[in-house]
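Numbering (my numbering), first residue to last: 683 to 902.
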């Protein structure tokens, strides 16, 4: 019988603090440059305490990715699987995506670093995207079964790349590439404007009019 460790409120808080510090540092410095000692220092604990929860840096990195992507799935999946018409559900999912990335900018940097192969052990993020693929497959099957659901057929991969790329670039790249603009993409008014633009692009690609709740919120 495998050994089990008692989980106490203090242990849960410590584990959460380690995950948070790891997320921040992996986003700031990348996998290779981040040491467990750096994580321990940010949390205010010893390195040995981290190894108690995560056997090594790779295990911590995988846990961080799972934690972040789990949070994203928790907002995207309900939007895409609710009872609203398909076009409206896509609007809700796009809005949820923009809000998630805008309120958790570490995700954009983690995604860029992961795509660049910074984990040191292959595409670690691929181990966590299965649920997203399944939801996307269901939406694709639904759109094919009902040709009237969306007026303009578009490859889901192209739509996802356009939406994801726009927001990741908006959050992570604009302040770095154009520092003279003194532009804060995380400011509410900027994030609201970006959400409205991404929804407008989505409507153009799908041939929808965008009169659902998500669009109304973006224009309010």
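No residue lacks a Cβ here, since even glycine has one placed at the ideal position from N, Cα and C.
In the DSSP annotation of this structure, residue 811 is not part of any alpha helix (DSSP H), being labelled neither H nor E. Distances from the alpha-carbon of residue 743 to those of 827, 699, 807, 689 put 807 closest. Residues 699, 700, 703 of the same chain have their beta carbon placed closer than 7 angstroms to that of residue 725, with the five preceding and five following residues left out of the count. The C-alpha of residue 851 lies about 14 angstroms from the C-alpha of residue 786. Taken atom to atom, the span from the alpha-carbon of residue 878 to that of residue 835 is near 22 angstroms. Residue 717 and residue 739 have their C-alpha atoms spaced approximately 7 angstroms apart. Out of 849, 827, 833, 776, the CA that lies nearest to the CA of residue 889 is found in 833. For the 8 angstroms CB-CB criterion, residue 789 and residue 746 do not form a contact.
The segment 854 to 862 and the segment 757 to 774 do not touch, with fewer than three beta-carbon pairs separated by less than 8 angstroms. Here DSSP, grouped into helix, strand and coil, assigns residue 788 to helix.
For the 8 angstroms CB-CB criterion, residue 759 and residue 838 do not form a contact. Counting C-beta pairs with one atom in each stretch, the segment 867 to 881 and the segment 773 to 782 have three or more that are closer than 8 angstroms, which means they touch. With respect to residue 713, residue 754 sits apart: the two C-beta atoms are not nearer than 8 angstroms. Sequence-distant partners of residue 795 (beyond 5 residues in either direction) whose C-beta falls short of 6 angstroms from its own C-beta, in its chain, are 712. Between the C-alpha atoms of residue 871 and residue 846 there is a straight-line separation of about 20 angstroms.
For residue 751, the secondary structure class from DSSP, reduced to helix, strand or coil, is helix. With contacts defined by Cβ atoms closer than 8 angstroms, residue 784 and residue 868 form a contacting pair. Taking the Cβ atoms as the reference, residue 709 lies roughly 4 angstroms from residue 791, within the contact range of under 8 angstroms. When DSSP states are grouped into helix, strand and coil, residue 835 belongs to the coil group.
In this structure residue 849 is not in contact with residue 885, their Cβ atoms being roughly 16 angstroms apart against a cut-off of 8 angstroms.
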